[in-house]
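One structure is given below, encoded as structure tokens.
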Amino acid sequence: MYEAYTAIPIIKKMPLKVESVAAHGDKLYLGTKDGHLLVYTVVEKDNADGPKFAVNLGFSNKVFAKKPITQLCVIPELNLLISLSDGSLSVHHLSLEPNTPPIDCPALAKCKGCTLFAVNVQEKTTLTGEVKITLMLCAAVRRKLELFYWKNNTFCEHPQGLCVPDTPRSIVWCGDESLLVGFRSEYNILKLCGETKQLFPTGKQPEPLCVKLKENSFALSRDDMTIFVNREGQPTHKYAVTWSEPPISLCYDHPYLLSAQSFGVEVRTVEPRALIQKVNFLKPKLLLPCKKGQLYVVAPSGAVWCILRTRVQDQIPQVLKDKCFELALKLADLSDQSEEERNASKRHIQNLHAFDLFCKKKFEESLNIFMDLETDPSHVIGLFPDLLPEDYRNSISYPDKAPDLRDADLEAGLYALVDYLVHVRCKLLSYNQQEPALTGIVQGSKTVKSKKQLLQIIDTTMLKCYLETNVALVASLLRLPDNFCHLDECERALKKHQKLSELIILYQQKNQHEKALDLLMKEAHKADSPLKGHERTVGYLQHLGRKHMELILRYSLWVLEEHPEEGLKIFVEDQQEKEGEALPRDVVLDFLSKKAPHLVIPYLKHVIHKWNDETEMFHNTLIHKYIESVRSLLSQQHPLVGPGEPGSVGKLRKELVHFLEASDKYTAENFPTHLLSDGLFEEAAVVMGKLGRHSEALEVYIYVLRDPSKAEQYCASQYNRNPERNRDVFLILLQMYLQPPDEGSRVLDLCRRTAANIAGLPSPPSVPKSCREQNLKGALKILMDHVKEIDPLRALQMLPGDVQVEDVRDFLREVLDGCTKELHAAGLQRSLLFAEHLQVKERCIRVKSLKITLTELDVCYVCQKRIGSSAFARYPDGAVVHYSCREGYESRLAS
1 MYEAYTAIPI
11 IKKMPLKVES
21 VAAHGDKLYL
31 GTKDGHLLVY
41 TVVEKDNADG
51 PKFAVNLGFS
61 NKVFAKKPIT
71 QLCVIPELNL
81 LISLSDGSLS
91 VHHLSLEPNT
101 PPIDCPALAK
111 CKGCTLFAVN
121 VQEKTTLTGE
131 VKITLMLCAA
141 VRRKLELFYW
151 KNNTFCEHPQ
161 GLCVPDTPRS
171 IVWCGDESLL
181 VGFRSEYNIL
191 KLCGETKQLF
201 PTGKQPEPLC
211 VKLKENSFAL
221 SRDDMTIFVN
231 REGQPTHKYA
241 VTWSEPPISL
251 CYDHPYLLSA
261 QSFGVEVRTV
271 EPRALIQKVN
281 FLKPKLLLPC
291 KKGQLYVVAP
301 SGAVWCILRT
311 RVQDQIPQVL
321 KDKCFELALK
331 LADLSDQSEE
341 ERNASKRHIQ
351 NLHAFDLFCK
361 KKFEESLNIF
371 MDLETDPSHV
381 IGLFPDLLPE
391 DYRNSISYPD
401 KAPDLRDADL
411 EAGLYALVDY
421 LVHVRCKLLS
431 YNQQEPALTG
441 IVQGSKTVKS
451 KKQLLQIIDT
461 TMLKCYLETN
471 VALVASLLRL
481 PDNFCHLDEC
491 ERALKKHQKL
501 SELIILYQQK
511 NQHEKALDLL
521 MKEAHKADSP
531 LKGHERTVGY
541 LQHLGRKHME
551 LILRYSLWVL
561 EEHPEEGLKI
571 FVEDQQEKEG
581 EALPRDVVLD
591 FLSKKAPHLV
601 IPYLKHVIHK
611 WNDETEMFHN
621 TLIHKYIESV
631 RSLLSQQHPL
641 VGPGEPGSVG
651 KLRKELVHFL
661 EASDKYTAEN
671 FPTHLLSDGL
681 FEEAAVVMGK
691 LGRHSEALEV
701 YIYVLRDPSK
711 AEQYCASQYN
721 RNPERNRDVF
731 LILLQMYLQP
741 PDEGSRVLDL
751 CRRTAANIAG
761 LPSPPSVPKS
771 CREQNLKGAL
781 KILMDHVKEI
791 DPLRALQMLP
801 GDVQVEDVRD
811 FLREVLDGCT
821 KELHAAGLQR
831 SLLFAEHLQV
841 KERCIRVKSL
851 KITLTELDVC
861 YVCQKRIGSS
871 AFARYPDGAV
881 VHYSCREGYE
891 SRLAS
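So in full-length UniProt numbering the end of the sequence shown lands on 895, straight run, no missing numbers.
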């Protein structure tokens, strides 16, 4: 309890007995038993010792009424005073000039025998925007309610009167269309249309009490309780207010409900339900409000007291001490502070409320309030143990000692904190300003100003919470692109919980790649580590990109040494290509050549075949590496076998031959001699073919490799690749049979010298004389197998003079048949073309014979203007357009 009101005597004793009272502004109206009307002016005076009032009798009318004035009501909006005396209603102007008669209201004559009345004053806006005051009056006349409305300076009778089962003892208007009526035994809601709704019995108290609290809230007394309903009669509060004894009179002065009791005045709040104060009087008779924070009490002795609310600013500290935060907020709204000060006071109260809820372990409710108030998240986080650095936490001020959370309470709190931090984080990220305006839990305490620092505290705290509540979400938090986790704090927390995989993600997000790679290398060989193996290192290095080339080369070395094939994946990851972070291939090639030469060929194959790199250097290097690999195998006593044959040498040579045939990007001129010198005769022949040196290539196939079928395959391949350029390749093959090379041929000589230097490599035999003279069998076979690819005249000229016609009969027959077919085809084509020519000519004559007549009335189909003497175009469908409009018409036809 605390002192919410102060009782100040304003009229200590009066010789007359007061029966009714009304008040407005600084005016106090008293109606006496003798029919006198007294009007006092009550003005508050400034006083250092406390509030005091100057009271003057401003007006007295001893003949206001002949009988006791039982009820008074002031209508300041219309400047009216309504009184009830001897069962009759009178209406006066508030000016109350002496000897001024009441306002003539003939309709009120119907109210003879009235025991009670109630008024309803409302402001209404018309369609024109004009504000009008409406006044309704309800008078209880025995068992009937008479209704009136104010119009043209008088009361008019409302067409709808209501009959009731008993004499009303109290009446309150519920809007324009219904009344709340208290009878001796029960409360009813009566609608002007005639509908009645019974609420509940009045109890044992002698008089029912009805009081309007707000527009749609009413207080009804039942014995020592007050029940709250809306205009439909439905309860608005779960619990009633219970008084020390049944009230004599009720008044509402937000947020307090006051009751006149036998001992004085009792002050309570509706929400929360609490006893605030008891003001002792000698059995007050009447209690009525004057204005906000000021009420009057009339004692049976005639004494009048003013119940004055103490300053709101003085009440709030006591209310907060009692932890009545809801009441403190209502009082803050009533303070006479500036709006800025009032809002700051309300934020302070709500922060204290949230802190109190937290201490009661109502974490979700507490954190929701903190979030709505935009309280500094670091202050909220500091309520939990071990989430902030100790020195930082100690620098934060709190209203009281924060609870020591453990076990289930701590877990529940952390779950609520995570939800709170997620929402606060989203809100902070949406702010444009860099310094959000936040408040501390304790008013005036220091808060974090930097948006970045706040996000850093929030993300770091979320990580620590996830480590305690939901470890699976740690990685997701760390992978956020806008992750603000503090490196050192998070590093300590993750190490403490042995979350090494998540620690790698942290290092990666914070660009601490060297730390991450050191940890991966350290943990790779530990059998019980979540980071064991080389895979994580490979994956990490694949995503670093070219700007971290030095790290990639340094930390890839141990993987290349222990797992060469997996290590190569570091440099051939397609993802790097897609992200524009491809590693510089020349640097990678140089590194592999020095540190892992056995991986150069696989790397270059990937670069050339997968990434379609056409750099000449890479193509040349790949060929050199193939040659070096073959040399290396030969030095290890591997037999020199042909391309495609079983064994490592055969496999390498097959790949080399395929590459030499497929690629056009290497420097072919440099390789034939090198290949011949290394005993790679077939490979040399492929390169010679690339250079167009078909004689030398065929010389290798026929007289070095002694494989006529490959020579023929070579010719077919060259001819099919470019028939125009290589049309004489079969003639060269024919010539090679008919005119073998000399024993001193450069190619044969080089091959023999190479065979002498390489063990196991057979030397080319000498060309037999029979072959030098003639090798008609092979030559004639070439003629018959490739009739279409060989120029017959030049081929016949190459044949020796002693060749019989019989030997070339089949060849000549094939040639002649071919010529005959070509002649017939040419004749047929000529006839078809001539027929087509005649058709076109006939059509042209037919079109030219068509006559077109244009008059001055003919218009263009496109622009709708006259053709006149302009150039025009006519289409087969008959449309005529300007020549300049033809494109527009053709586009229409196309669409």
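In this text, a Cβ means the ideal position worked out from N, Cα and C, and glycines have one as well.
For residue i, which option in the options has the closest C-alpha, if you only look at C-alpha atoms?
i           : options               : result
residue 794 : 524, 730 and 338      : 730
residue 419 : 437, 664 and 381      : 381
residue 900 : 189, 148 and 175      : Residue 900 is absent from the model: the chain starts at 1 and stops at 895.
residue 555 : 591, 529 and 472      : 591
residue 677 : 749, 615, 259 and 644 : 749
residue 598 : 798, 633, 69 and 83   : 633
residue 356 : 343, 504 and 326      : 326
residue 655 : 622, 668 and 390      : 622
residue 375 : 331, 850, 423 and 407 : 423
residue 52  : 681, 43, 704 and 130  : 43
residue 75  : 518, 511, 88 and 118  : 118
residue 694 : 62, 755 and 732       : 732
residue 896 : 631, 738, 741 and 244 : With the chain covering only 1 through 895, there is no way to say anything about residue 896.
Give the range of the beta strand (DSSP E) segment to which residue i is assigned.
i           : result
residue 626 : Note, residue 626: premise wrong, no beta strand (DSSP E); alpha helix (DSSP H) at 616–635.
residue 225 : 225–229
residue 21  : 18–24
residue 136 : 131–141
residue 30  : 27–32
residue 912 : Residue 912 lies beyond the range of the chain shown here (1 to 895); nothing can be said about it.
residue 268 : 264–269
residue 324 : Unbroken run through residue 324: none, as it is neither H nor E.
residue 38  : 37–45
residue 170 : 170–173
Buried or exposed: where does residue i fall if 16 or more other Cβ atoms within 10 Å of its Cβ makes it buried?
i           : result
residue 414 : buried
residue 679 : buried
residue 95  : exposed
residue 333 : exposed
residue 257 : buried
residue 1   : exposed
residue 200 : exposed
residue 99  : exposed
residue 819 : exposed
residue 246 : buried
residue 456 : buried
Reducing DSSP to helix, strand and coil, say where residue i ends up.
i           : result
residue 461 : helix
residue 729 : helix
residue 155 : strand
residue 857 : coil
residue 218 : strand
residue 53  : strand
residue 309 : strand
residue 605 : helix
residue 742 : coil
residue 164 : coil
residue 9   : strand
residue 492 : helix
residue 253 : strand
residue 84  : strand
residue 851 : coil
residue 117 : strand
residue 599 : helix
residue 778 : helix
How far does the alpha helix (DSSP H) with residue i in it extend, from its first residue to its last?
i           : result
residue 820 : 809–848
residue 558 : 549–562
How many whole angstroms separate the CB atoms of residue i and residue j, which I take to be in contact at a CB cut-off of 8 Å?
i           : j           : result
residue 566 : residue 572 : Going by Cβ atoms, the distance from residue 566 to residue 572 rounds to 11 Å, so no, they are not a contact pair.
residue 384 : residue 417 : 6 Å
residue 540 : residue 520 : 6 Å
residue 433 : residue 4   : Going by Cβ atoms, the distance from residue 433 to residue 4 rounds to 42 Å, so no, they are not a contact pair.
Counting contacts by CB-CB distance shorter than 9 Å, is residue i in contact with chain D?
i           : result
residue 281 : Any reference to chain D falls outside this structure, which holds one protein chain only.
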